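Participant: Residue numbers (this note's numbering): 2 to 115.
Positions of the beta carbon are idealized from the N, C-alpha and C atoms, including for glycine.
Since this is a predicted model, take the numbers as computed values, not measurements.
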Ligand code: AMP
Ligand code: ZN
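1) What did DSSP end up calling residue 46 once you bin it into helix, strand or coil?
2) Residue 62 to residue 100, Cα distance in whole Å?
3) Going by DSSP, what residue range makes up the alpha helix (DSSP H) through residue 60?
4) For the beta strand (DSSP E) holding residue 104, just list the boundary residues, first then last.
5) Across which residues does DSSP place residue 36 in a beta bridge pair?
What follows is the structure, encoded as structure tokens:
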């Protein structure tokens, strides 16, 4: 999609600190990290919000979680644990309208989240 920041990162048109990539997803470090490790996992396919998820997109969302699992294992925080979050629309705190899974690790997470 034109004019989508995360589509441009996925396409390599805008630089990002990529940590993982396969045929379905790309993951890169968040510019404004909220934990010692803060990675964003995005699908290569443009999906604006969770509300726009279509039948057939479930596999891509599964691939996003599979990437989170693999990054947690390779970066060594699978056992201590981590948090995955997907924000949706304004009330959910979404600011970039291409779905992304936040992967946060390296500190104790609190509940409920703010
Ligand atoms: P959200 O508020 O859930 O939509 O999350 C968007 C995230 O994207 C925020 O945590 C931002 O810090 C992050 N972000 C925005 N632009 C970039 C960028 N160019 N590279 C990496 N992370 C970014
Ligand atoms: Zn996009």
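Facilitator: Let's see:
1) Residue state, collapsed to three classes: coil.
2) 9 Å
3) First-last of the alpha helix (DSSP H) with residue 60: 59-76.
4) 102-106
5) DSSP output for residue 36 lists no bridge partner at all.
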